[in-house]
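Enquirer:
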Amino acid sequence: MNKYIINGGKRLCGSVEISGAKNAAVAILPATLLAEGPCVIENLPNISDVSRSLQILSHMGATVNYLNPSTVFVDTTNITSPSVPYEYAKHMRASYYFLGVLLARYKHADVAMPGGCDLGARPIDRHIKGFEELGCTVSIEPGGIIRASAQSLVGNHIFFDGVSVGATINVMLAAVKAEGVTVLENVAKEPHIVDLANFLNSMGADIRGAGTDVIKIHGVSSMHGTNYTIIPDQIEAGTFMAIAAATSGDIVIKNVIPKHLESITEKLLKIGAVVEEYDEAVRVYREGPLNKITLKTLPHPGFPTDMQPQMTTLLTVANGSSMVIEDIWDNRFKYATELCRMGANIKVDGKVAVVEGVPSLKGAPIRASDLRAGAALVIAGLMAEGVTEIEDIYHIERGYENFEEKLRSLGADIKKVSVCDKTVAGAL
Ligand code: EPZ
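Every number in my numbering is 17 more than the matching position in the sequence shown, counting from 1.
#1: Give the single residue among 156, 135, 150 and 123 whose Cα lies nearest to the Cα of residue 129.
#2: Leaving aside the five residues before and after residue 100 along the sequence, list all residues of the same chain whose C-beta is less than 6 angstroms from its C-beta, in chain order.
#3: Is residue 135 near ligand 1 - that is, is its Cβ less than 7 angstroms away from at least one heavy atom of it?
#4: Is any heavy atom in ligand 1 found nearer than 7 angstroms to the beta carbon of residue 367?
#5: Return the Cβ separation of residue 89 and residue 82 in integer angstroms, given the expectation that the two are a contact with Cβ distance under 8 angstroms.
#6: Comparing the CB of residue 345 with every heavy atom of ligand 1, is any distance shorter than 7 angstroms?
#7: Which stretch, first to last residue, makes up the beta strand (DSSP E) that contains residue 384?
#8: Contact check, residue 91 vs residue 427 under 8 angstroms by CB: the rounded distance?
#9: Is residue 140 near ligand 1, judged by its Cβ being under 7 angstroms from some heavy atom?
#10: Drop a sphere of 10 angstroms on the beta-carbon of residue 18, count the other beta-carbons inside from all chains shown, and report buried for 16 or more, exposed for fewer.
#11: Mapping DSSP to helix, strand and coil, what is residue 111?
#12: Roughly how many angstroms lie between the CA atoms of residue 74 and residue 80, to the nearest whole one?
#13: Between the segment 319-329 and the segment 339-348, can you find at least three pairs of beta-carbon atoms closer than 8 angstroms?
#14: According to the neighbour-count rule (16 or more other Cβ atoms, all chains shown, within 10 Å of its Cβ), is residue 290 buried or exposed?
#15: Do you know offhand how far residue 443's Cα is from residue 407's?
#16: In whole angstroms, give me the CA-to-CA distance for residue 145 and residue 242.
#17: Starting from residue 212, follow the beta strand (DSSP E) in both directions and report where the run begins and ends.
#18: Which residue from 53, 336 and 61 puts its Cα closest to that of residue 288?
#19: In whole angstroms, give me the CA-to-CA distance for residue 311 and residue 78.
#20: What are the start and end residues of each continuous alpha helix (DSSP H) run of 4 or more residues lying completely inside the segment 268-334, in chain order?
#21: Which same chain residues, not among the five before or five after residue 294, have their C-beta less than 7 angstroms away from its C-beta?
#22: Are the Cβ atoms of residue 247 and residue 201 separated by less than 8 angstroms?
#23: Which residue wins for smallest C-alpha separation from residue 228, given the options 117, 235, 234 and 211?
#24: From the DSSP output, in three-state form, read off residue 31 for me.
#25: Below 8 angstroms, can you find three or more Cβ-Cβ pairs linking the segment 380-387 to the segment 29-49?
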C-alpha cells in the first residue's frame with residue numbers, strides 16, 4: 018500500500034503530455050476479441066485498469082506483448098477460456114464489456130459482477146435490456162456470475178430509457194456481429210464511444226452515428242485485426258487544467274483534443290483561469306482570484322461527472338458560495354468529508370453540494386475513496402498550506418499514468434511512500 022505526501026503551496030508550471038484515454042482503452046482491449054487476427058493498440062495508458070484488462074485477455078489465452086511502453090500487440094485467435102471469473106472482474110467496472118464481446122463471438126458469456134468506483138447504485142439493467150432485445154437470455158447465476166446466451170443475435174431497434182456509457186458500449190459490442198441492422202437510440206456520446214466505434218470500424222464493423230443520439234449498426238459476419246491509436250484522455254487533461262488553475266500555475270497540456278475539453282474550459286474561464294487552445298494542446302494559467310460558479314454534471318457534451326470532484330475542490334477556495342449538482346451518480350461527494358478535514362466548508366445534501374469558499378486549505382492526513390476523488394484530494398494537497406498525506410492511492414493509479422512524476426516535473430513537491438514500510442519502521 019502506498020500513499021502520497023504532498024508539501025503544498027507550489028505554483029505548477031511547464032508542460033505535460035496526456036496519456037491515452039482510460040475509458041476508451043478498457044473498451045477497446047476487450048473488443049480485440051472480435052478480430053480474426055492480431056491487433057496493435059497504440060497510446061495505451063500505463064494504468065492499472067489497462068493491466069487488469071490485459072490480464073483478463075491473457076487469462077483467456079490471448080497472446081499479449083508490449084512492443085513499447087504504450088503499444089501492445091494482442092492476438093485473440095486462440096482463446097481457451099472465454100469467461101471472466103470474479104478475481105478478475107472485481108477490480109474494475111469495465112470488466113463487464115467482456116459480456117458484449119463474448120456474446121458477439123461465442124453467443125455465450127459468463128462474466129462475474131464488475132467492481133469499480135463506489136459512486137452509489139450502479140445497476141446494469143440497461144445492458145441486460147439491450148442484450149435481451151438482441152435475442153439473448155440473461156441470468157444472474159450463483160456466485161454473482163452474469164450469464165448471457167443466445168441461439169443467434171438478431172439486430173433490433175433499441176431505445177435506452179436513460180443515457181448510459183456502459184450500456185451503449187456493451188450493446189454496441191454485442192451488435193456488431195448480429196444478423197441485420199441494429200439501431201440504438203438515446204445513446205451516450207462521450208469521446209470514448211466514438212473512439213470505440215472508430216476502432217471497431219477499422220476492424221471491419223459497420224457502425225454509423227457514434228457521437229450522436231442514434232447509432233446504426235449493420236452486422237458483419239467477420240472482423241479482422243487492425244492497428245489503432247487511442248484518443249487522449251479527456252479527464253486526465255481536465256485534471257491538469259484544474260491543477261493549473263488551483264496552483265495559480267501555468268501549464269501547457271499536450272496531446273489533447275481541445276474539442277473534448279470545451280465544457281471544462283468553459284467552467285474554468287468562469288472560475289477565473291485563462292485557457293488558450295492550440296491544435297493539440299491547451300495552455301491554462303491563472304493570475305487573479307477564483308470565482309464562485311454553479312456547476313451541474315451531465316452526459317457529454319455536458320460537464321463530465323468525472324471532473325466534478327476536481328472542480329469542486331477548486332471552488333473550496335473561490336470567492337463566495339458555489340453550488341455543485343451531481344446529476345449522474347447518487348453518491349459522488351464522499352471526498353467532501355476529507356476536504357472539510359482540510360478546512361473546506363462544504364455542505365452536501367444528496368446530489369447537491371454548497372461550497373462556501375475559504376481563504377485556504379490546510380494540509381491533513383486524508384484518504385482517497387475512489388479514482389476521481391483521489392485526484393481531487395491531490396489537487397487539494399497541492400493547493401493547501403503544509404503537508405497532506407493521501408492514503409489508498411491505488412484508486413488514483415487505476416486511471417492516472419505516472420501521476421506523481423508528471424506533477425513533480427511541473428514543480429510539485431510530491432512523493433510516493435510505502436505505508437507498510439512506515440508502519441513497520443514505526444513499530445521497530
Ligand atoms: C462510465 O461509467 C465511466 N466508466 C465512468 O467513469 C463515468 O463516471 C460514467 O460513465 C459517466 O460518464 C467507464 O467508462 C469505465 P453510465 P458507467 O452507465 O458506464 C445509470 C471514472 O472515474 N445506469 O453512463 O458505469 C447509472 O446508475 C469512471 O473514470 C442505470 O440506471 O456509467 C448512472 O446513474 C467512474 N442502468 C447513469 O446511468 C444501467 O444499466 C450513468 O451511468 C446503467 C447505468
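We put the CB at the ideal spot given by N, CA and C, even for glycine.
Expert: This is what the structure holds:
#1: 156
#2: 127
#3: no
#4: no
#5: 7 angstroms
#6: yes
#7: 382-384
#8: The pair is not a contact, with the Cβ atoms about 33 angstroms apart (cut-off 8 angstroms).
#9: yes
#10: exposed
#11: helix
#12: 8 angstroms
#13: yes
#14: buried
#15: With a pLDDT of 41 at residue 443, under the threshold of 50, the modelled position of this residue cannot be trusted; read the value that follows with caution. Straight-line Cα distance between these residues: approximately 18 angstroms.
#16: 28 angstroms
#17: Here residue 212 belongs to no beta strand (DSSP E); instead the alpha helix (DSSP H) covers 208-219.
#18: 336
#19: 49 angstroms
#20: 279-288 and 325-332
#21: 275
#22: no
#23: 211
#24: strand
#25: no
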